[in-house]
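Each residue of the sequence shown is one higher than the last, beginning at 222 in my numbering.
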Amino acid sequence: MRAEYREEPCKVALNRVKGMAFKWSLNPYMGCVHRCTFCYVRAFELRADRPFDDRYGRSIRVKTNVAEVLRRQLAKSTWERETVTIGAATDPYQPAEGRYRLTRACIEAFRDAASPFSIITRGPLIVRDVDVLAEAAQRASVSVTFSVPTLDDAVWRRTEPGTAHPRQRLRALKTLVDGGIRASVGMAPLLPGISDRPELMEQVVREAREAGACGVWANLLYLRPGTREHFLEALAEDYPEQLPAYERLYARKAYLGAAETKPIRAQVAELARKHGIRDRRRNRLAPRPEPEQLALGL
Numbered sequence: 222m223r224a225e226y227r228e229e230p231c232k233v234a235l236n237r238v239k240g241m242a243f244k245w246s247l248n249p250y251m252g253c254v255h256r257c258t259f260c261y262v263r264a265f266e267l268r269a270d271r272p273f274d275d276r277y278g279r280s281i282r283v284k285t286n287v288a289e290v291l292r293r294q295l296a297k298s299t300w301e302r303e304t305v306t307i308g309a310a311t312d313p314y315q316p317a318e319g320r321y322r323l324t325r326a327c328i329e330a331f332r333d334a335a336s337p338f339s340i341i342t343r344g345p346l347i348v349r350d351v352d353v354l355a356e357a358a359q360r361a362s363v364s365v366t367f368s369v370p371t372l373d374d375a376v377w378r379r380t381e382p383g384t385a386h387p388r389q390r391l392r393a394l395k396t397l398v399d400g401g402i403r404a405s406v407g408m409a410p411l412l413p414g415i416s417d418r419p420e421l422m423e424q425v426v427r428e429a430r431e432a433g434a435c436g437v438w439a440n441l442l443y444l445r446p447g448t449r450e451h452f453l454e455a456l457a458e459d460y461p462e463q464l465p466a467y468e469r470l471y472a473r474k475a476y477l478g479a480a481e482t483k484p485i486r487a488q489v490a491e492l493a494r495k496h497g498i499r500d501r502r503r504n505r506l507a508p509r510p511e512p513e514q515l516a517l518g519l
């Protein structure tokens, strides 16, 4: 698939987020050539009246001035240096980053402003930016999460058609951890009956540990309108035997309840304990402590 790249300036770089685990996001691109069948961004595209089906990922907006706009926002006296998540609605290290280098320029802006950020990615291209990530991590909190739902080749090919192999992501994670950067694995989304089998989950946790992951967590698939239609269509083609179960599990709801989610998260937490997942960096890059201010005796 060949994507069309639209070079367009933006007015705002930082976006306030509601209903997520973070308050601020930054997306240097809009659209993603990874075209994962389960991508939750498809739901946002439907709400914005943009293509969410097979056409999603064929047109990528490149925010050519995003780093300059970001610098202005970070310089405002009202900015409280809250953590910003880079890659909430796109992958900041999809192939276009090799040409445009917008994510790198944004990291440089965060570094210069000593403002914290986190990155979510499936793109091993991030190893190119170990230098600037290390510099930023010495001035503010920096963390990276690699999305690795499975290491099963068949599941990966069918559900993440435009991504690099998951083992390439783990090799990238090792490079970052060796460079002193905190990097973890997010097993998300796990697909019920497909990638949540115990042996597949343990394989990810075991190899994440070998790569040096500082942490590992998991989350199950959720299907909002937009994502739901596309995912179920792909499921009917690739895993037709699973379709009735999904139609039952997700009948009239986008999120699975505690009865389905708690056991899976507990299994992953136990696997993390079993394999000794923890922060084992030899060189833990972190901001230098602020010098103490001496009080004058009166």
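Each residue gets a CB set at the ideal place from its N, CA and C atoms; glycine is no exception.
- Residues of the same chain with a CB within less than 8 angstroms of the CB of residue 455, apart from the 5 flanking positions on each side, are 258, 379 and 380 in chain order.
- Around the beta carbon of residue 310, 16 or more other beta carbons lie within 10 angstroms, which makes this residue buried.
- Per DSSP, the unbroken alpha helix (DSSP H) holding residue 376 starts and ends at 374–380.
- Three or more Cβ pairs drawn from the segment 436–452 and the segment 409–420 lie within less than 8 angstroms of each other, which places the two stretches in contact.
- Between the segment 355–365 and the segment 325–340, the count of Cβ pairs shorter than 8 angstroms is three or higher; the stretches touch.
- Following the DSSP letters along the chain, one finds residue 338 inside the beta strand (DSSP E) bounded by residues 338–342.
- In the same chain as residue 350, and ignoring 5 residues on each side of it, the C-beta atoms closer than 8 angstroms to its own belong to 324, 325 and 328, in chain order.
- Boundaries of the beta strand (DSSP E) harbouring residue 235: 235–237, taken from the DSSP string.
- Boundaries of the alpha helix (DSSP H) harbouring residue 396: 387–399, taken from the DSSP string.
- In the three-state reduction of the DSSP assignment, residue 229 falls in the strand class, which pools E and B.
- Taken through DSSP and simplified to helix, strand or coil, residue 268 comes out as helix.
- If you compare the alpha carbons of 416, 448 and 390 with that of residue 431, the shortest gap goes to 390.
- Per the Cβ contact rule, the segment 245–257 is in contact with the segment 300–319 (3 or more Cβ pairs under 8 angstroms).
- Within the DSSP bridge table, the entry for residue 284 names 229 as partners.
- Pairing residue 419 with residue 376, the inter-Cα distance amounts to about 15 angstroms.
- Check the Cα spacing between residue 504 and each of 435, 425 and 427: the tightest is with 435.
- Distance check between residue 356 and each of 290, 484, 422 and 338 places 338 closest, using alpha-carbon atoms only.
- Note on geometry: alpha-carbon atoms of residue 485 and residue 509 lie some 38 angstroms from one another.
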